[in-house]
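So the structure is just underneath, and the comments pick up after that.
Numbering (my numbering), first residue to last: -5 to 296.
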């Protein structure tokens, strides 16, 4: 007949007790534990935890102190065990903390640029709350682009002091616009309106992603929640000549304060650029929001 492992009164493992001993014996264990146990209470708890359901019920009913007293006695000691186990788990968690991320801000921005360049398409929203006091300027642009390069959307601009919203399709090196008071599409030169070729937004060398490669003195900032995204901000400066490729009214000789928001997927989510854009105005901030990576987008000339 197989023999079970038990604890003696001193807490050491003993292997000479017959497993057919009565279920009411509180010093008996159905199997050995991997540690010595000097507490008779813990030995008894172990006995009941390692027994089958039927044997537990029988043991409770036949326990010398009675079921109610035994349950009260057991509950108090079970609380102590749970607290100890909780402390052990907390200690284990602390000892296995994740090592801090030593990726530099420059590396984060470079990886985000790669994701933007490799995406088949993405949506862009560019806007400013400022209005030029004179001349022309872009107030906003919203649309979707591909790496054809091509872009389709609406551009809101100030033309000779009048705000207008113009549907735009840029593809194959041409920019098509449906200008105010005209029922058909026309091919335009966007520089005449102090506007960029929107297809250039998608260009890896002179588009939005190229800004990330030229942020000077990039430093990691705070984390904020934007809907279901956690955005980490990286701040630095951009030379005016670089900003001008995106927003033609920028000054080539100026330096622009820049903040780039990277989401928890490592993707570019926001870009904010602040500096002189309109003659006679104080510093202006343009906000760029990027999202909806890799949609199935097809753009064709009108």
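Glycine included, each C-beta is placed from N, C-alpha and C at the ideal position.
| Query | Result |
| --- | --- |
| Continuous beta strand (DSSP E) assignments of at least 3 residues falling wholly in the stretch 216 to 285 | 223 to 233, 249 to 256, 262 to 269 and 278 to 285 |
| Cross-strand partners of residue 140 (DSSP beta bridge) | 115 and 144 |
| Whole-angstrom distance between residue 281 and residue 294, CA atom to CA atom | 27 angstroms |
| One or two residues paired with residue 214 in a DSSP bridge | 228 |
| Inside the stretch 142 to 187 only - beta strand (DSSP E) runs reaching at least 3 residues | 144 to 153, 156 to 165, 168 to 171 and 180 to 182 |
| Beta-ladder partner(s) of residue 132, from DSSP | 151 |
| CB of residue 126 within 8 angstroms of CB of residue 189, strictly | no |
| Minimum C-alpha distance to residue 292 - residue among 232, 279 and 147 | 147 |
| Chain-order list of residues whose beta-carbon lies under 8 angstroms from that of residue 278 (same chain, five-residue window excluded) | 122, 124, 268, 269, 270, 271 and 272 |
| Local Cβ density within 10 Å of residue 118, reported as buried at 16 or more and exposed below that | buried |
| Beta-carbon contacts of residue 139 that lie in its chain and below 6 angstroms, excluding the five residues immediately before and after | 145, 195 and 196 |
| Sufficient close CB pairs (3 or more, under 8 angstroms) joining the stretch 202 to 209 to the stretch 150 to 157 | no |
| Buried/exposed call for residue 165, threshold 16 Cβ in 10 Å | buried |
| Cβ-Cβ distance between residue 274 and residue 264 below 8 angstroms | no |
| Host alpha helix (DSSP H) of residue 125 (start-end) | Neither: residue 125 is in no alpha helix (DSSP H) and is coded neither H nor E. |
| Separation of residue 184 from residue 191, as counted between CA atoms | 6 angstroms |
| Straight-line Cα distance separating residue 251 from residue 213 | 12 angstroms |
| Check: residue 103 C-beta below 7 angstroms from any heavy atom of the ligand SAM | In the structure shown, the ligand SAM is absent, as is every other ligand, since no ligand is present at all. |
| Neighbourhood of residue 90 by C-beta distance below 6 angstroms, restricted to the same chain and skipping five residues each side | Residue confidence for residue 90 is low, a pLDDT of 47 falling below 50, so the modelled location carries little weight; the figure read from the coordinates is stated next. None. |
| Range covered by the alpha helix (DSSP H) that runs through residue 202 | 202 to 207 |
| Residue 115 beta carbon less than 8 angstroms from that of residue 288 | yes |
| Proximity of residue 253 and residue 227 at Cβ, strictly below 8 angstroms | yes |
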